[in-house]
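Each residue of the sequence shown is one higher than the one before, starting from 271 at the first, in this note's numbering.
The next block holds one structure in the form of structure tokens; read it before the comments.
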Amino acid sequence: MNLFNVYPLFEIEITKGINCQTYDVHGIEYLDLYGGHAVISIGHSHPYYVQKLAHQAEKLIFYSNSVVNKLQVELAEKLGKASGYCDYALFLVNSGAEANENALKLASFHTGKSKVIAFNKSFHGRTSAAVRVTNNAKIVAPINEGFEVDFCLLNDIDAVRASLKKGDVCAIIIEGIQGVGGINIPQPHFMQELRKACTEYGAIFIVDEVQSGYGRSGKFFAHQHADVRPDLITIAKGMGNGFPIGGLLINPMFKASYGLLGTTFGGSHLACTAAIAVLDVIKAEKLIENARKIGDYLMQELRNISQIKELRGSGLMIGIEFEQNVTDIRHSLLFDKKIFTGVSGTNTIRLLPPLCLSKADADLFVEKLKEVLTGTITTSSKQDISKIM
Ligand SMILES: Cc1ncc(COP(=O)(O)O)c(C=O)c1O
């Protein structure tokens with residue numbers, strides 16, 4: 271059987287990872303400034319995380335959601351404290367799309383309505399409702415076109431209010447910081463206005479923190495820079511440091527009832543163990559402070575590079591926009607300098623490293639980027655990486 275060929279691949283086989291370093295099958299080291307698409311939060315194969323997972327795997331990997339699972343309770347308590355949302359409830363799933371799918375469903379149950387306001391350049395996942403509120407017609411199949419969505423410009427509160435006026439909106443969904451769309455930060459005032467407008471019109475305020483959450487922005491959640499409290503918050507990626515787990519933080523105004531939401535695999539013993547280990551390490555190693563500190567340092571160093579058109583970001587979620595297409599730059603960073611980066615659109619390099627990134631790693635990146643920008647961009651491999659994120 272062949273693999274269904276939907277991913278353009280780098281001809282690199284990564285077989286090992288430690289902290290922010292990854293190693294290919296030949297033992298060549300690559301600095302990981304991409305975190306496997308913002309997934310690696312505490313660093314590759316952190317020893318505490320590995321030991322907790324191994325220990326739990328020996329005891330029990332999975333039992334269904336029909337029995338008591340104290341690991342879920344421990345995770346909810348630790349997540350409540352770490353995020354400042356102790357009074358919210360946690361529903362556990364397996365991925366970011368599934369978290370958004372359940373958030374939209376809950377909003378629709380709660381309000382009895384189905385129209386959603388989302389934003390230009392948004393990305394919320396590929397399942398039915400999540401992809402419907404994603405601003406990319408290419409990945410929306412006819413079967414996904416199930417409900418009405420108004421896409422508004424980010425930071426355009428008048429457009430949002432005009433849409434809300436019709437009284438048929440169940441939810442507004444917005445990323446804490448747009449990731450796939452190019453590291454676009456909603457203005458704090460705009461987030462505050464969205465919060466007010468949702469309360470005024472009885473719409474549910476959903477913030478998707480799948481990519482921007484878990485300390486990446488320098489606070490636990492990116493929306494906390496704007497000092498707002500959403501009704502629903504979705505999480506995944508960094509939550510499990512590579513073990514698939516996602517979740518939904520739910521304001522107490524939502525009343526649970528048996529069967530309202532459900533999943534077979536969500537909140538398994540092994541997944542909860544991974545997520546608990548992540549929170550333990552984030553706290554013990556002060557990784558949110560590190561994300562803020564190293565992120566600020568990196569931004570400051572990058573500001574000195576004249577070829578950069580615009581820098582956007584917060585903490586270790588950074589977009590570096592150039593005048594030109596960045597394919598050759600990324601190509602050279604990866605194949606010549608052995609550094610993984612991400613991309614948004616054609617002209618923006620996206621940095622999403624593990625939160626334990628050191629100053630030395632940041633310096634190495636800046637040095638290598640300068641070399642690439644000032645030197646001749648070599649073409650040691652002919653591989654087209656323009657479509658690889
Ligand atoms: C903001 C955001 N939401 C949702 C998703 C979907 O997450 P998953 O791929 O785990 O379904 C992503 C994935 O990149 C994302 O960046």
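Ideal placement from N, C-alpha and C gives every residue a C-beta, glycine not left out.
Just so it is clear, the structure is predicted and the values come from calculations on it, not from any experiment.
Legend entry - residue 427 vs residue 485 beta-carbon contact at 8 angstroms: no
Candidates 306, 359, 416 and 298, of which the one nearest residue 520 by Cα: 359
Is residue 659 helix, strand or coil when you go by DSSP? Low per-residue confidence applies at residue 659: pLDDT is 48, beneath 50, and the placement is therefore not dependable, though the value from the model is reported in the following sentence. Here residue 659 sits in coil by DSSP.
For residue 540, name the three-state secondary structure that DSSP assigns. helix
message = Pairs of beta-carbons, one from the region 364–375 and one from the region 570–578, closer than 8 angstroms: are there three or more?
response = no
| message | Taking the beta strand (DSSP E) that residue 277 belongs to, which residues open and close that run? | response | Residue 277 -> no beta strand (DSSP E), and no H or E assigned at all.
| said: Let's test the definition: count the other Cβ atoms within 10 Å of the Cβ of residue 652 and tell me whether it reaches 16, buried, or not, exposed. | reply: Bear in mind that a pLDDT of 44 at residue 652, under 50, signals an unreliable position, so the number given afterwards is only what the model happens to contain. Result: exposed.
Residue 696 versus residue 513 - alpha carbon distance | As shown, the chain starts at 271 and ends at 659. That puts residue 696 outside it, with no answer to give.
**Message:** Between the alpha carbons of residue 565 and residue 543, how many angstroms are there, rounded?
**Reply:** 28 angstroms
If residue 590 sits next to residue 578, beta carbons under 8 angstroms apart, how far is it from one beta carbon to the other, in whole angstroms?
That pair is a contact at about 6 angstroms.
Inset, instruction - Assuming residue 310 and residue 511 form a contact by the criterion Cβ under 8 angstroms, report the distance between their Cβ atoms to the nearest whole angstrom. - result: 6 angstroms
Exercise. Who pairs with residue 419 in a beta bridge, going by DSSP?
Worked result: Paired residue(s): 386.
Requested in this report: Starting from residue 584, follow its DSSP beta bridges and name the residues at the other end.
Outcome: 587
Practice task
Using 10 angstroms around the beta-carbon of residue 275, count the other beta-carbons present and answer buried if the total reaches 16, otherwise exposed.
Solution key: Counting of Cβ neighbours within 10 angstroms places residue 275 among the exposed residues, the total staying below 16.
message = I want to check one thing, is the minimum distance from the CB of residue 498 to the heavy atoms of ligand 1 below 7 angstroms?
response = Relative to the non-hydrogen atoms of ligand 1, the Cβ of residue 498 never comes closer than 7 angstroms to any of them.
Original post:
Using DSSP with H/G/I as helix, E/B as strand and the rest coil, what is residue 300?
Top reply: If DSSP states are grouped into helix, strand and coil, residue 300 belongs with the strands.
* Quick one: is residue 351 buried, meaning 16 or more other Cβ sit within 10 Å of its Cβ, or exposed? -> exposed
Review point. Between residue 462 and residue 307, what straight-line distance do the alpha-carbon atoms span, to the nearest angstrom?
Key: 29 angstroms
Under the DSSP definition of a beta bridge, which residues are partnered with residue 293? 286 and 299
Fill in: Beta-bridge pairing of residue 445 - partner residues as DSSP gives them
478
Q. Taking 7 angstroms as the cut-off, does the CB of residue 510 come closer than this to any heavy atom belonging to ligand 1?
A. Every heavy atom of ligand 1 is 7 angstroms or more from the Cβ of residue 510, so no.
- Message: So for residue 314, helix, strand or coil by DSSP?
- Response: strand
| said: Between 556, 362 and 464, which has its C-alpha nearest residue 532's C-alpha? | reply: 362
Below 8 angstroms on the Cβ atoms is my guess for residue 473 versus residue 381; work out the distance and round it to an integer in Å.
-> 7 angstroms
Return the bridge partner residues of residue 504 from the DSSP annotation. 478 and 518
Near ligand 1: residue 367 beta-carbon under 7 angstroms from a heavy atom:
yes
Got a sec: does ligand 1 put a non-hydrogen atom nearer than 7 angstroms to the Cβ of residue 480?
yes
Checklist entry - Is it right to say residue 440 is buried, meaning 16 or more other beta carbons lie within 10 angstroms of its own, or is it exposed? => result buried
### Beta-bridge partners of residue 469, as assigned by DSSP
In the DSSP output, where bridge partners are listed per residue, residue 469 has none listed.
Report task. List the DSSP bridge partners of residue 620. Result -> 589 and 612
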